[in-house]
Amino acid sequence: MFEYFPTGPYTWNLSVVATLNSGGLIDEVDRACRPIKDAANAGEDAGTPDFLRAWTALTDQLAGQAEEAEKAGHVRTAGQLWFRASNYLAQAERMLAHSDPNRVPTYRRMLEIAQRAFETHSPRVSRVEVPYEGTTLPAYFSSAPAADDGPVPVVVLVNGLDSTKEHMYASNHWEELAARGISCLMLDQPGTGEALRLQGLTARVDTEAWGAAAVDFLQARSDVDGDRIGIVGWSLGGYYAPRAAAFEKRFALCVAWGANHDWGAVQRRRRQREGERPVPHYWEHVLWVWGVDGDENDLDGFLDFADQVNLEGVVEQITVPFLVAHGANDRQIPLEMAHRSYDQAVNSPKRELRVFTPEEGATEHIGLDHLPYVSTFVADWVADTFAELGRGATS
Numbered sequence: 001m002f003e004y005f006p007t008g009p010y011t012w013n014l015s016v017v018a019t020l021n022s023g024g025l026i027d028e029v030d031r032a033c034r035p036i037k038d039a040a041n042a043g044e045d046a047g048t049p050d051f052l053r054a055w056t057a058l059t060d061q062l063a064g065q066a067e068e069a070e071k072a073g074h075v076r077t078a079g080q081l082w083f084r085a086s087n088y089l090a091q092a093e094r095m096l097a098h099s100d101p102n103r104v105p106t107y108r109r110m111l112e113i114a115q116r117a118f119e120t121h122s123p124r125v126s127r128v129e130v131p132y133e134g135t136t137l138p139a140y141f142s143s144a145p146a147a148d149d150g151p152v153p154v155v156v157l158v159n160g161l162d163s164t165k166e167h168m169y170a171s172n173h174w175e176e177l178a179a180r181g182i183s184c185l186m187l188d189q190p191g192t193g194e195a196l197r198l199q200g201l202t203a204r205v206d207t208e209a210w211g212a213a214a215v216d217f218l219q220a221r222s223d224v225d226g227d228r229i230g231i232v233g234w235s236l237g238g239y240y241a242p243r244a245a246a247f248e249k250r251f252a253l254c255v256a257w258g259a260n261h262d263w264g265a266v267q268r269r270r271r272q273r274e275g276e277r278p279v280p281h282y283w284e285h286v287l288w289v290w291g292v293d294g295d296e297n298d299l300d301g302f303l304d305f306a307d308q309v310n311l312e313g314v315v316e317q318i319t320v321p322f323l324v325a326h327g328a329n330d331r332q333i334p335l336e337m338a339h340r341s342y343d344q345a346v347n348s349p350k351r352e353l354r355v356f357t358p359e360e361g362a363t364e365h366i367g368l369d370h371l372p373y374v375s376t377f378v379a380d381w382v383a384d385t386f387a388e389l390g391r392g393a394t395s
């Protein structure tokens with residue numbers, strides 16, 4: 001993986017490479033990071049305020065340029081600037097501690113910038129609300145151009161432990177799907193993104209509950225082929241999505257974009273400082289996500305709870321096409337977990353394990369070191385599988 005901070009923390013380098021592989025420009029990223037090289041050496045937790053200040057300054061610069069472009073009537077230019085600004089601020093916000101007073105204001109600004117990007121860069125992406133247990137789940141919906149001519153398949157794209165729908169938007173995976181005639185619902189499910197930050201909805205083990213809500217929402221839309229709704233989850237979504245597909249039988253396919261077969265075991269490894277962590281202030285973040293009261297210095301009770309977050313006895317219940325995509329050099333989730341998810345999915349009519357190697361890239365966690373490569377592979381697999389399912393429905 002390209003490491004901007006040669007002696008700096010993995011979490012900082014992961015943020016940089018994710019930004020660059022989600023449309024960030026190397027000159028802009030370098031201008032943001034150059035002043036904080038020393039701060040990176042102070043430790044991943046201690047330096048996050050510096051990271052936020054540097055990347056917020058870059059966001060401010062692009063936002064000012066975007067507003068000037070809009071005033072001049074240069075909508076395309078403005079859209080490109082708003083899109084990159086959304087990417088940069090999302091990566092900076094992701095690094096903050098739950099207790100940081102800047103977290104919620106920064107996230108609210110992210111929402112505003114994303115909306116400006118939709119208006120100028122991505123007019124086929126819009127904000128939607130998914131009804132869920134007396135409230136709603138916030139999401140972005142990308143309507144594929146093919147939907148103008150009738151109902152099309154759709155993918156529910158779900159987050160991991162620390163990502164948001166704004167990261168999914170920056171990834172451009174929705175655009176790859178749209179080019180293949182597939183719409184996309186980028187969902188902040190409980191425990192992630194806006195659902196967690198602004199609504200206080202914490203994660204749950206039985207992900208089929210919010211999965212069913214997403215399917216209900218999509219099947220009520222006239223532009224969606226209700227028989228071809230898939231679910232794709234990256235990182236911890238590699239647990240969330242297979243669990244949902246195992247027990248919500250209306251999902252037509254499933255992709256684990258980074259296997260997370262036994263998340264509890266990963267937490268026990270991390271407590272022993274084995275493997276890398278995705279974000280600074282890690283245990284504070286994890287307890288927040290799951291809504292568990294506790295002290296990060298006394299994690300025994302939480303680790304017992306975390307043992308429930310695993311797919312043993314679950315992936316056997318998946319009865320739809322199932323893809324497991326994993327990096328051979330994933331420093332967060334051992335490759336062995338990808339093999340376990342694949343090996344146990346014995347009732348899937350079409351199961352595939354795709355391991356990305358160092359020679360081709362995309363070998364780090366969820367392929368962030370070569371994200372477009374994994375994105376196009378997943379999009380092709382989804383498109384091919386939907387096409388097969390469509391032929392089966394008409395034969």
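Using UniProt numbering, you'd call the opening residue of the sequence shown number 1 and step up by one each time. Glycine is no exception: its CB is placed at the ideal position from the N, C-alpha and C atoms.
Who are the near neighbours of Asp295 in its chain, counting only those whose CB is closer than 8 Å to its CB and skipping five residues on each side?
none
Check whether the segment 95-105 touches the segment 274-293, taking contact to mean three or more Cβ pairs, one atom from each stretch, closer than 8 Å.
yes
Short check: CB of Trp234 to CB of Trp257, under 7 Å?
Taking a C-beta distance under 7 Å as the contact criterion, Trp234 and Trp257 qualify as a contact pair.
With distances taken between CB atoms, is the gap from Gly160 to Leu62 smaller than 7 Å?
Not closer than 7 Å, so no.
I'd like to know if the segment 258-271 and the segment 294-313 are in contact, where contact means that at least 3 CB-CB pairs between them fall below 8 Å.
Touching, per the Cβ criterion.
With a floor of 4 residues, list each alpha helix (DSSP H) that falls wholly inside the segment 243-309, ordered by position along the chain.
As far as the segment 243-309 is concerned, its whole alpha helix (DSSP H) runs of at least 4 residues are 263-271, 282-290, 300-306.
Bridge partner(s) assigned by DSSP for His326:
Val355
Taking only three categories from DSSP, how would you classify Ile113?
helix
Apart from the five residues on each side of it in sequence, which residues of its chain come closer than 8 Å, Cβ to Cβ, to Glu129?
Cβ contact annotation for Glu129 (same chain, cutoff 8 Å, sequence separation greater than five): Thr136, Leu137, Pro138, Ala139, in chain order.
Use the C-beta contact count for Asp225: other C-beta atoms within 10 angstroms, 16 or more gives buried, fewer gives exposed.
buried
Any idea if Asp369 is buried or exposed, counting beta-carbon neighbours within 10 angstroms, 16 or more meaning buried?
buried
Mind checking who Glu129 pairs with in its DSSP beta bridge?
Per DSSP, Pro138.
Quick check on the burial criterion: 16 or more other C-beta atoms within 10 angstroms. Buried or exposed for Gln267?
Gln267 comes out buried.
Hey, quick one: how far does the alpha helix (DSSP H) through Asp216 stretch, first residue to last?
208-219
Close-in-space but distant-in-sequence residues of the same chain around Ala149 (CB under 6 Å, 5 per side omitted)
It is worth fixing the name first, because residue 149 is Asp in this sequence and not Ala. If we look at Asp149 and ignore the five residues flanking it on each side, it has no Cβ neighbours.
What's the gap between the Cα of Arg84 and the Cα of Arg103?
20 Å
Pull the bridge partners of Met186 from the DSSP assignment, please.
Tyr140, Leu157
Could you name the residues of the same chain whose beta carbon sits closer than 7 Å to that of Phe247, not counting the 5 residues immediately before and after it, in chain order?
Take Phe247, set aside five residues on each side of it, and the residues of its chain with a beta-carbon closer than 7 Å to its own are Glu208, Gln317, in chain order.
For Leu311 and Ala32, what's the separation of their Cα atoms in angstroms?
40 Å
For Pro372 and Asn329, which I take to be in contact (beta-carbon distance under 8 Å), what is that distance rounded to the nearest angstrom?
Between Asn329 and Pro372 the Cβ distance is about 18 Å, and since that is not below 8 Å, they are no contact.
Could you pull out every residue in the same chain whose Cβ sits closer than 8 Å to the Cβ of Glu28, ignoring the five residues on either side in sequence?
Closer than 8 Å at Cβ, skipping near neighbours: Leu58, Leu62, Arg84, Tyr88.
Are Leu177 and Val155 closer than 7 Å when you measure CB to CB?
yes
Which two residues bound the contiguous beta strand (DSSP E) that contains Ile26?
First-last for Ile26: 26-33, but that is the alpha helix (DSSP H), not the beta strand (DSSP E).
Please return the same chain residues whose Cβ sits closer than 8 Å to the Cβ of Val75, not counting the five positions on each side in sequence.
Ala69, Thr120
Within 10 Å of its beta-carbon, does Gly79 have 16 or more other beta-carbons around it, so buried, or fewer, so exposed?
So Gly79 ends up on the buried side.
Sort Glu3, Gln65, Pro153 by Cα distance to Ser222 and report the nearest one.
Pro153
Assuming the contact rule is C-beta atoms closer than 8 Å, Ala325 and Arg354 should be a hit. Round their C-beta distance to whole Å, please.
About 5 Å separates the two Cβ atoms, so the contact holds.
Grouping DSSP H, G and I as helix and E and B as strand, with all else coil, what is Arg233?
Note that residue 233 is Gly in the sequence shown, not Arg. DSSP places Gly233 in strand when its eight states are reduced to three.
Are there 16 or more other CB atoms within 10 angstroms of the CB of Phe2, so buried, or fewer, so exposed?
So Phe2 counts as exposed.
Considering only residues of the same chain and omitting the five flanking positions on each side of Asp45, which have a CB-CB separation below 6 Å?
Sequence-distant partners of Asp45 (beyond 5 residues in either direction) whose C-beta falls short of 6 Å from its own C-beta, in its chain, are Pro280, His281.
Going by DSSP, name the residue or residues bridged to Val152.
Val224
Pop quiz: Ala338 and Ala265 are said to be a contact at Cβ under 8 Å. What is the actual Cβ separation, rounded to whole angstroms?
Their Cβ separation, rounded to whole angstroms, is 14 Å, which puts Ala338 and Ala265 out of contact at 8 Å.
Can you tell me whether DSSP reads Gln91 as helix, strand or coil?
Residue state, collapsed to three classes: helix.
Can you list, in chain order, the residues of its chain with a C-beta nearer than 7 Å to that of Gly23? Leave out the 5 residues immediately preceding and following it.
Phe83, Arg84, Asn87, Ala170, Asn172
Starting from Glu67, trace the alpha helix (DSSP H) in both directions and tell me its first and last residue.
48-71
Can you list, in chain order, the residues of its chain with a C-beta nearer than 6 Å to that of Ala144? Leave out the 5 residues immediately preceding and following it.
Val152, Ala178, Gly181, Ile182, Ser183
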